[in-house]
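So for the sequence shown, this note's numbering puts the first residue at 1; every next one is plus one. Backbone N, C-alpha and C define an ideal beta-carbon position, used for all residues, glycine too. Have a look at the structure below before the remarks.
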Amino acid sequence: MKRTKLPKCESKMKFECLLLLSWLWAATGDDVTIFANSRSRRASIDMDANKAAAAATQLHSIIDLADCQDLHKYCTHQKTSDNLAMLECALSFSSSQLEALPEPCQHALWLQQRQLQLNSWVEHTLLPSYCAEEQSKLLSCLNSVDLWACLEDKRQELPQSNTCQQQLRRAHTALGEDYANIGDFYAACGSLVEQHKCGRMNVEHLPALLSQLGTAQCLVAHASQATPMDLTCKVAINAIEQQRGMMELFRVCSGDLTALCPQERAGTPSALKCLVRHKNDPSLSSHCVGQISLRDQQMGRDYRVSHGLAKACKDEIKLHHCRRGVSEDKQVRLAQILLCLESVAKNGTKVAPECLVELNDHRRMLMTDYQLSPELLSDCADDIPKFCPDEHKSQLVNGLSSSGGEIIHCLMYHVRARRPQRRVTSQCQRGLEALIKVSDAGEDWRVDPVLRRACKKVVDVACKDVEGGEARVMSCLMERIGTPVMRPECEQALLIIEYFVARDFKLDPQLYKHCRDDAVKYCRAKRQWDDIQDVQMDPERGPMILPCLHRMAYSEDEHQTLRKDCFREVKRVMRQRAISVDLIPEVEDYCLSDLSQYCGELTEKGTEMECLQNMLEKLQPECKTVVTKYTEEEAAHVELNPVIMAACSEAMQKHCSEILNTGKDNGNMMDCLISHKNDADLNKGCRAAIEHFQIISLKSYHFTTKFKEACRRHVVRFCGASATKNEVVACLSEVIRNDTIRLQRHQIPKDCRQQVKSQLYQQRESIVLDPKLGNACKNELKEFCSDQKGPGQVNKNALECLIQKTSNLGKACHHAIFMIKRSELGDSGTDYTLINTCKDMVYKFCPNTESVQLLDCLKTYKDDPNFDQRCHLVVVNRMIEQNTDFRFNPTLQMACGKNIDRYCSNIVATAQPNEELNGKVIKCLKDKFRQSKLDRPCAQEMIKILQEQALNYKLNPVLQHFCKSEIQELCNADMEADEHGQVEECLKAAFLRKQLINRECQLEVATLIAEAKADIHVDPILESSCTVDLLRYCSKVISGDGRKLSCLRTLLRETPNSLELDCREKLERRIEMFRNADDALAQPPEDMQQLVQQVVTSPARKFFLVILMSATGLVFLTGIFLGRATKRAMGLKNK
């Protein structure tokens, strides 16, 4: 190609010419330099740094080159002769001086200017040579997005006289103000320029990319069939040629503009419009008419206006019948041709590289100027001035000098508006959908100029190693949303494009590529990427294909599953689109009014869906249905929850890696995160996200996947009236508990029982997870537990606080706490505080014990010297609670159920259903135990209870109630040792000394003393003192009915010295207590039955029997004597 020399600016038109050049720069700028398959400028230059450095090394000193001898003549004013100085000198040359330089010298200077952009030159040449002292401060710039912008900021901090500061300024000046605009050209054509030695200086002093015009023309001249030019470089050169063509138009038409439009300035949109209006003026030169015609035709109405496209894609258009269905006027819409060609490429048919280049160029053009889409221009004619007045005005004023795409993005933004009055018309929305599909904006981030400008720096940093094409960079950007590297303007532009992509699965290249067959097979998708007869997306079925694929991804039918590649892509897309409701059409389309009403101010990642979930009860029916369905999916597949995915990624990797590796979730991940929620290494954000989802899941049991799957049938059967998950859990828990107590076969299977237990355990962690309890105890929480915040530790949990304040609670709160205690004490596996506080003790003492029996196991070992004191305190507190009501002790219920029905039914019948009996039933059983009337299993269970009560008076609520003041006054010193039986022993001693004034207290202590007569095991102090004697003399005596104690009493009576001294003394004291207790417990009989009962049960019953028999005999003898006397008297009388 022969080099075309552009004319110099005449002095009289110098201002207009400069204005034209600056306009051309702004009009095309970055948007024209979006090259297919090229990487970002920074990454590309760095990748080619070694080659460029090698080329520079070969240069040695430019001034020493034979072809650069003119520099000796023109650069005498330079203080040094290094390469940078020579470049500075050459950049000050006039056009004639530059043109006079031999081409090899120009190439050497071009290479040197390129070197200035390379990290390697800065690191190995500039900094060591001139900035040795400042090097440590400047090295950080090597990793920045814009190397020279960073160096310039650092330079401003250095003193003016500093050598490093001066050298940095020189290098930056030599680099040129437009260095950022030609980075892509360097990346695309740098190696080819070096190969052909085509580096040329900017002879014409042209701005921006046009500064490389001479270099581009040299490359074209060297191109041949034997060595075809790389496509990316060809695109870069085409961009330069396009800018040159526009500049040529105004050069050719400069005279016509002065004559016909004197009021207009060259390079302005109004000047171009003026020339177009005068296109048929006879005075207009033929050359100008030709130039105008190239830009004046309506490419949108007929693709053939674009000669490049028509020529490059001629064979493909013919082969694939892309002209089918054209109108009668023979014009073929550009959109139809582009859709046809894109469909061919998407369906796997090979398309010529030249055609692909033209296709990509026209896609960019469509996204740059809405006027190139006639359908959009007509469909959105009213919406543009209404919703985008500023952009519209700017377009009218600045015309082609607009940076491009703003009006299109403005319209797309208003497609997403929540309020109906701020949304574009449906006709305009369909036009935008067609534009996105035609331009295939979701495939390449560089197609949309607004997106490219907004996201270029993000891509340079976060996605520089991602290969372009097939939406890979778009996917990378989506993954970076919510991270520090993402910029707000990039996120907004990206989500606008993704809004449309989300509504047609075909617009995601990776998803379409891997899932097309499955979508056709399972979801009734169209096999062809595009239907020529319908250029718009399928609004009815299009948005539903991805949810369909997602359902199939987790299908349990082995014959209806997705392929692995499709499964992976479906998970990726669902995860990325979960960040915004806008990207979930199956939700957003039904919830627009609710989003506007309740969630209008929320913009952060994932917050809109959380808002809808929080407001679930208030949503309109259709919206509530889709949100409920989506929340169920979110519970089963945690990747749909962007908040948890962002906050808990480290926790998932550390604690739940096995689930991640399998790729199948189905609720396992959420269960895993919940189980580790209070681990010390979990960050606060993750813990808050997990707890928030737990709160959301309380609204419906369907939101907990494992629970739903395990218990759905049984919820329908037993709990149809239950609304919330907590109500369902409480209902099923009651069924399970009743089956356990009645010793009957469980109606609910094991997997559901486990899930019920798991949900109860989670509820106990925090008040916020039990709203019913929170509402019932609202006032009590403020009054008693305002400082009890977090879950986990003894006396640090609000629930624990309420339990300890049971006696002070209001009725509603008291009833709620009763139900919780009944549940926790009935199944230790639901007791959050016990499980977490005693975790180590369970592992040490009860490793093989079922969770339901953990409390019973821990009771056994609580007095072990190695037992944790915090756990000990929790266990004792639970034992105290159990003794307040027999319903809190399932073991006692099972062992003594029949005895309770037989002897204590009146107490149970008069009890309130949700209030403690305060030990009344246990007291009733104790009375019957003392009388030896209990069944053996019940008696054995009562022995355990009485043993524990004897050691810790707090386990006896009746004793605490009646002897409260006596304990405080007489046994205060022994209260610290309340788990060793000292308080009870103190009360017994006070009873013996007649120090107990309160009659009820006397009777209760007398009862305790009398209970020991029934079995020595209930008197642990006496049993401990007499252990040796019991083993030595009474080992063969069967326990129960006081037989062991009778054995000791016999030994005391017959051979007192055979007993241990301590045993003998305590036994003598107990016998004295027994006598006093019997006297205290003796009550005058109210009827004959009580009299007989007292005589029968009295220890002196033999004495009473002798007296009774003697009395009876005396009466008999008296009767006989009196009878004889009476008979004799009657006989005498008759005589």
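Closest residue to residue i among the options (Cα-Cα distance)
i, options, result
"arginine 416", "Gln528, Pro207, Cys846, Leu592", "Leu592"
"leucine 451", "Val473, Leu432, Val438", "Val473"
"leucine 1059", "Cys1026, Arg1075, Cys388, Leu1081", "Cys1026"
"glycine 600", "Asp589, Ala989, Leu612", "Leu612"
"valine 570", "Val447, Cys515, His559, Arg737", "Cys515"
"histidine 692", "Lys677, Arg155, His702", "Lys677"
"proline 389", "Leu411, Ser373, Ser378, Pro374", "Leu411"
"arginine 687", "Gln620, Leu698, Asn1076, Cys648", "Cys648"
"serine 807", "Gly897, Gln167, Glu780", "Glu780"
"asparagine 202", "Ser81, Lys844, Gln106, Met819", "Gln106"
"aspartate 864", "His559, Lys844, Thr849", "Lys844"
Opening and closing residue of the alpha helix (DSSP H) in which residue i lies
i, result
"tyrosine 861", "854–861"
"aspartate 448", "Unbroken run through aspartate 448: none, as it is neither H nor E."
"isoleucine 817", "811–826"
"aspartate 504", "Aspartate 504 -> no alpha helix (DSSP H), and no H or E assigned at all."
"aspartate 315", "314–319"
"asparagine 181", "Run containing asparagine 181: none; DSSP gives neither H nor E here."
"glycine 897", "890–903"
"histidine 172", "163–175"
"alanine 939", "936–951"
"tyrosine 130", "127–130"
"glutamine 212", "Taken as a continuous stretch (DSSP letters only), glutamine 212 belongs to no alpha helix (DSSP H), as it is neither H nor E."
"tyrosine 1033", "1027–1033"
"alanine 335", "334–346"
Rounded straight-line distance, which links the Cα of residue j to that of residue i
i, j, result
"alanine 310", "arginine 363", "14 Å"
"proline 484", "glycine 468", "23 Å"
"serine 343", "methionine 544", "21 Å"
"histidine 980", "threonine 833", "25 Å"
"histidine 814", "cysteine 785", "15 Å"
"histidine 867", "valine 874", "In the sequence as displayed, the identity of residue 867 is phenylalanine instead of histidine. About 12 Å."
"glutamine 528", "glutamine 510", "16 Å"
"cysteine 986", "lysine 725", "50 Å"
"cysteine 322", "cysteine 340", "6 Å"
"alanine 812", "cysteine 777", "7 Å"
"leucine 1122", "valine 1018", "55 Å"
"leucine 1117", "valine 1106", "16 Å"
"aspartate 444", "methionine 367", "12 Å"
Rounded distance between the beta-carbons of residue j and residue i, thought under 8 Å
i, j, result
"lysine 234", "valine 357", "7 Å"
"leucine 257", "leucine 275", "6 Å"
"leucine 583", "glutamate 498", "6 Å"
"glutamine 940", "proline 1020", "Actually they are not in contact, since the Cβ atoms of glutamine 940 and proline 1020 sit about 16 Å apart, beyond 8 Å."
"alanine 950", "leucine 970", "18 Å between Cβ atoms; not a contact."
"leucine 376", "leucine 432", "7 Å"
"serine 81", "isoleucine 63", "5 Å"
Proximity below 8 Å, CB of residue i to CB of residue j
i, j, result
"alanine 174", "leucine 87", "yes"
"isoleucine 182", "alanine 216", "no"
"glycine 1040", "aspartate 1015", "yes"
"glycine 1042", "lysine 1066", "no"
"isoleucine 644", "isoleucine 690", "yes"
"proline 104", "leucine 231", "no"
"leucine 799", "isoleucine 767", "yes"
"tyrosine 630", "valine 587", "yes"
"isoleucine 943", "tyrosine 953", "no"
"leucine 854", "valine 842", "yes"
"glycine 897", "proline 957", "no"
"aspartate 302", "valine 332", "yes"
"cysteine 752", "cysteine 711", "yes"
"leucine 562", "leucine 549", "yes"
"alanine 723", "leucine 640", "no"
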